[in-house]
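Take any residue in the sequence shown, count from 1 to its spot, add 168: that is its number in this note's numbering.
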Amino acid sequence: MESDDIVIASHPESVIQEGADVTQGISPTELRNAMRHWVTGVTVITTSHEGNPVGMVSNSFTSVSLEPPLVSWCVDLRSTSYDAWSKTDNFAVHVLDHEQKNLVASFAQRGGEKFEGITWHSGVHQSPILDDATFSLECEVWSRLTAGDHLILIGRVIASTQPEVFIPLTNHALYS
Numbered sequence: 169m170e171s172d173d174i175v176i177a178s179h180p181e182s183v184i185q186e187g188a189d190v191t192q193g194i195s196p197t198e199l200r201n202a203m204r205h206w207v208t209g210v211t212v213i214t215t216s217h218e219g220n221p222v223g224m225v226s227n228s229f230t231s232v233s234l235e236p237p238l239v240s241w242c243v244d245l246r247s248t249s250y251d252a253w254s255k256t257d258n259f260a261v262h263v264l265d266h267e268q269k270n271l272v273a274s275f276a277q278r279g280g281e282k283f284e285g286i287t288w289h290s291g292v293h294q295s296p297i298l299d300d301a302t303f304s305l306e307c308e309v310w311s312r313l314t315a316g317d318h319l320i321l322i323g324r325v326i327a328s329t330q331p332e333v334f335i336p337l338t339n340h341a342l343y344s
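This is the structure:
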């Protein structure tokens, strides 16, 4: 390998050769298939929209900053609940234990009553707080930006429940 070669992984076939066309990128399907092998946590994100509770499953949740305390997550612009997320000024993030797949099933469904059979209470800014979540973070929307086909919401954490030791629910080639 010459010093001008760029290595993007340790596999020889991943070396970008001089003159290679790297502007094309990969297809959405290729990216989705690749990302299925990246382990992420599974969360349920909730808010209140026009007086109704709204919730969805997200594996894009991550911390952004400690000072100020910021977290982020992404929602697809084509999501049926996009309108609620684009207008809300607050949301709650619920981190789940590995035994809480039932919550994922409730909130992953399209349409229907996602909160049916779920016990919850209103948080500081009226976002639904799931009583059975391992821990929750209540957030005020700090910033929004569109990136490709998703809206990125950055929230300033204003309240939280403190988690006990638990095994987190993760996504690794489970959902597509």
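Where a beta carbon is used, it is the ideal one built from N, C-alpha and C, also for glycine.
What's the call for His266, buried or exposed, on a 16-neighbour Cβ count within 10 Å?
exposed
Along the chain, which unbroken stretches of the beta strand (DSSP E) at least 3 residues long are found entirely within the stretch 279–320?
You should have 288–290, 296–298, 303–315.
Counting Cβ pairs closer than 8 Å, one from the stretch 198–212 and one from the stretch 225–237, do we hit at least three?
yes
Buried or exposed: which applies to Ser240, given that a residue is buried once 16 or more other Cβ atoms fall within 10 Å of its Cβ?
Classification for Ser240: buried.
What did DSSP end up calling Glu332 once you bin it into helix, strand or coil?
coil
Please go through the stretch 220–264 and give each complete alpha helix (DSSP H) segment of 4 or more residues, from N-terminal end onward.
250–255
Could you tell me if Pro331 is buried or exposed, where buried requires 16 or more neighbouring beta carbons within 10 angstroms of its beta carbon?
exposed
What residues are listed by DSSP as bridge partners for Ser216?
Pro221
Can you list, in chain order, the residues of its chain with a C-beta nearer than 7 Å to that of Ser249? Leave out the 5 residues immediately preceding and following it.
Val222, Met224
Pick helix, strand or coil for Thr338, following the three-state DSSP scheme.
strand
Got a sec? Which residues, its chain only, sit under 6 Å from Asn339 by beta carbon, not counting five neighbours each side?
Thr208, Val210, Asn227
I need the straight-line Cα distance from Arg200 to Ala341, nearest angstrom please.
10 Å
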